[in-house]
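Chemist:
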Amino acid sequence: MTTAIYPGTFDPMTRGHEDLVRRACSLFDQLIVAVAISRSKSTWFDLQERIAIAQAVFAGEAKVRIIPFEGLLVDVMRKEHAKVVIRGVRSVTDFDYEVPMAGMNRRMLPGMETVFLLPADDLAHVSGSLVREIAKMGGPFEPFVPEVVVPWIK
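Position in the sequence shown (from 1) plus 3 gives the number in my numbering.
1) Specify the secondary structure class of A7 as computed by DSSP and reduced to three states.
2) Counting beta carbon pairs with one atom in the segment 62-78 and one in the segment 101-117, are three or more of them shorter than 8 Å?
3) Roughly how many angstroms lie between the CA atoms of P146 and R135, to the nearest whole one?
4) On the three-state DSSP scale, how would you describe I40?
5) Would you mind giving the Cβ-Cβ distance between P10 and V148, rounded to the nearest angstrom? I have them listed as a contact below 8 Å.
6) Run the CB neighbour count on M140, radius 10 Å, all protein chains shown included, and call it buried at 16 or more, exposed below.
7) With a 10 Å radius around its C-beta and 16 neighbouring C-beta atoms as the bar for buried, classify L126 as buried or exposed.
8) Identify which residue in M4, R81, V92 and K157 has its Cα closest to the Cα of P122.
9) At the level of alpha carbons, what is the spacing between M4 and G131?
10) Going by DSSP, what residues sit across from L30 in a beta bridge?
11) Let me confirm a value: M104 is counted as buried when at least 16 other C-beta atoms fall within 10 Å, else exposed. Which label applies?
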């Protein structure tokens, strides 16, 4: 059984995140959505809320498991017996950030693979920070998040 981990803050969970998870499920036997406890980022939703939102988005998806995580990704990967990390790459900037991280992770956990998935064309511009900004200004954020996420933001 091949287990992959998709780590992130998911603040909030967007349609881009949802799309990546659903596509990754077609590639792996199990996908763990690892919701990060972030000390360096201030989040809009607390950890328990972000976990609850992720659980609501993927309710009924047998291949998806939601867990919290803090610390090094490689430690979670060891604990969960995962060999693959999934990362979404929307732009060259994302890629330039992710490649060194992938190299460092592989150095700490030999045999670990990072799989980069491109977003669907209509979701390439979506990010949690942009969704938060639109929502704070009273704009129409709804097209950018799964329907079950809307009440959490309103």
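Even glycine gets a Cβ: it sits at the ideal position worked out from N, Cα and C.
Every value quoted in this text rests on a predicted model; they were computed, and no experiment measured them.
Modeler: Considering the structure as presented:
1) In the three-state scheme derived from DSSP, where H, G and I count as helix and E and B as strand, A7 is classed as strand.
2) Segments in contact, yes.
3) Going from the Cα of P146 to the Cα of R135 covers about 13 Å.
4) Residue state, collapsed to three classes: coil.
5) In fact, because the Cβ distance is near 19 Å, the residues do not count as touching under 8 Å.
6) Its Cβ having fewer than 16 others within 10 Å, M140 is exposed.
7) Classification for L126: buried.
8) Per the Cα distances, V92.
9) Approximately 31 Å between the Cα atoms of the pair.
10) For L30, which the question treats as bridged, DSSP gives no partner whatsoever.
11) The residue in question, M104, is exposed, as its Cβ has fewer than 16 Cβ neighbours within 10 Å.
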